[in-house]
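Everything below concerns the one structure shown next.
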Ligand code: DON
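Numbering (UniProt numbering), first residue to last: 128 to 448.
Rendered as structure tokens:
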């Protein structure tokens, strides 16, 4: 009886049947073996491409996982929304957006392009993410700044430590000509705050991309965004709701590279992908879903990740509009 009255008030009252349907969607999507793993960073090219994980965490703490949900993977660009949130919390939207725009770029994530003010188009692409890194905790040394980011991920994941993949970081740093070119381009346009150390900023950005966790823990981070910044498991407020509102708006318009418009149209949910095959999906006021499968399509999104989202909204009325 206690269980019945508790689950009747849950955001997903019949969670068991919901999980059964997620399992069915997972198994259908698992058959898709198209796409290929990112190979521009050698360490990413060595990941087993067949892996596929789904983890769900609702805003009232119900959880479900299937597949490789305990296997660690790098955040890559799925770190970008959180770095943007950290910059917003510290400086406020007006200051942050003196340095980065909020329009989709319509171009690939590492395109050598800035907006008409000489700023990165938005915080969800490489140039904008480097800008967020330059803004976070500027008064501190680089070690403390990295600690701040990893502690934030720990809090977002409900107290679970995240790890760091040093070989991905080194590999990232070794193959960073395009990112250096973007950073120098921004410096030429005076886009960075005064006295920004370019090398430190880039290294900080590569380190953030090389943070690792698994779908099980990262679904709690996605659920924290779904829950307006308060972790549903610990009750701790990690970000103010206005920060999360700004972040989700830009995830919706810019989170899926140059597929963002199409994704917003078809799926209607904020999301952020990364070249490791990571995909963080947020269903506001309902749940966060972490999806991971390494094979990518031509724009750099996880093939199974996108297919899973398409099937999800065909099945449930999660599209926000
Ligand atoms: O900057 C890079 O090359 C990668 N570490 C970026 C990662 C990524 O997922 C692409 N994103 N926007």
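From the three backbone atoms N, C-alpha and C, an ideal C-beta is built for every residue, glycine too. Every value quoted in this text rests on a predicted model; they were computed, and no experiment measured them.
Query: Contact under 8 Å by Cβ, residue 410 with residue 432; Result: no
Query: Beta bridge counterpart(s) of residue 422 as assigned by DSSP; Result: DSSP lists no partner for residue 422.
Query: Pair within 8 Å by beta-carbon distance, residue 256 and residue 316; Result: no
Query: Cβ-heavy atom distance, residue 402 to the ligand DON, below 7 Å; Result: yes
Query: Any non-hydrogen atom of the ligand DON closer than 7 Å to residue 392 Cβ; Result: no
Query: C-beta atoms of residue 201 and residue 429 nearer than 8 Å; Result: no
Query: CA-to-CA distance, residue 203 to residue 298, given in whole angstroms; Result: 13 Å
Query: Residue burial classification, residue 441 (beta-carbon count within 10 angstroms, cutoff 16); Result: exposed
Query: Inter-residue Cα distance where the pair is residue 165 and residue 251; Result: 18 Å
Query: Residues near residue 260 in its chain [Cβ-Cβ closer than 7 Å; skip 5 each side]; Result: 210, 328, 331, 332 and 335
Query: Contact test: residue 306 Cβ vs the ligand DON heavy atom, cutoff 7 Å; Result: yes
Query: Terminal residues of the alpha helix (DSSP H) in which residue 432 lies; Result: 430-442
Query: Whether residue 408 touches residue 396 by CB criterion (8 Å); Result: yes
Query: Nearest candidate by alpha-carbon position, reference residue 216, set 242, 263 and 377; Result: 263
Query: Endpoints, the alpha helix (DSSP H) within which residue 279 is located; Result: 269-283
Query: As assigned by DSSP and simplified to three states, the class of residue 151; Result: helix
Query: Where residue 139 sits in the DSSP three-state scheme; Result: coil
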